[in-house]
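Participant: Mapping of the sequence shown onto the working numbering: residues 11 to 73, in sequence order.
Backbone N, C-alpha and C fix where the C-beta goes; we use that ideal spot for every residue, glycine too.
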Amino acid sequence: MNRKKKINQTLKQKAKKANAKLHSSNKPKYVSKAERAAQAIAVETEVTQPVEQPAEVVANRNA
Numbered sequence: 011m012n013r014k015k016k017i018n019q020t021l022k023q024k025a026k027k028a029n030a031k032l033h034s035s036n037k038p039k040y041v042s043k044a045e046r047a048a049q050a051i052a053v054e055t056e057v058t059q060p061v062e063q064p065a066e067v068v069a070n071r072n073a
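1. Span of the alpha helix (DSSP H) holding N12?
2. Once DSSP output is grouped into helix, strand and coil, what is the label at K43?
3. Expressed to the nearest angstrom, what Euclidean distance is found between the alpha-carbon atoms of K26 and L32?
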């Protein structure tokens with residue numbers, strides 16, 4: 011009985027691992043605190059630059 015149980019247990023473990031590999035997680039990839047801060051700074055600079063550029067374009071049109 012013990013040998014049969016052991017064989018079934020290992021087969022179930024392998025099946026469980028194979029099934030887990032098929033179903034990928036919907037969990038988002040971890041982003042470190044430093045990377046999040048860098049991304050926030052990059053977004054801020056992108057937001058501020060386009061606002062300044064149209065003002066320069068308007069000034070050039072009037073000249």
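Facilitator: Answer, in terms of the structure:
1. According to the DSSP assignment, N12 belongs to the alpha helix (DSSP H) that extends over N12 to L32.
2. Correct three-state label for K43: helix.
3. Looking at the two C-alpha atoms, the distance is approximately 10 Å.
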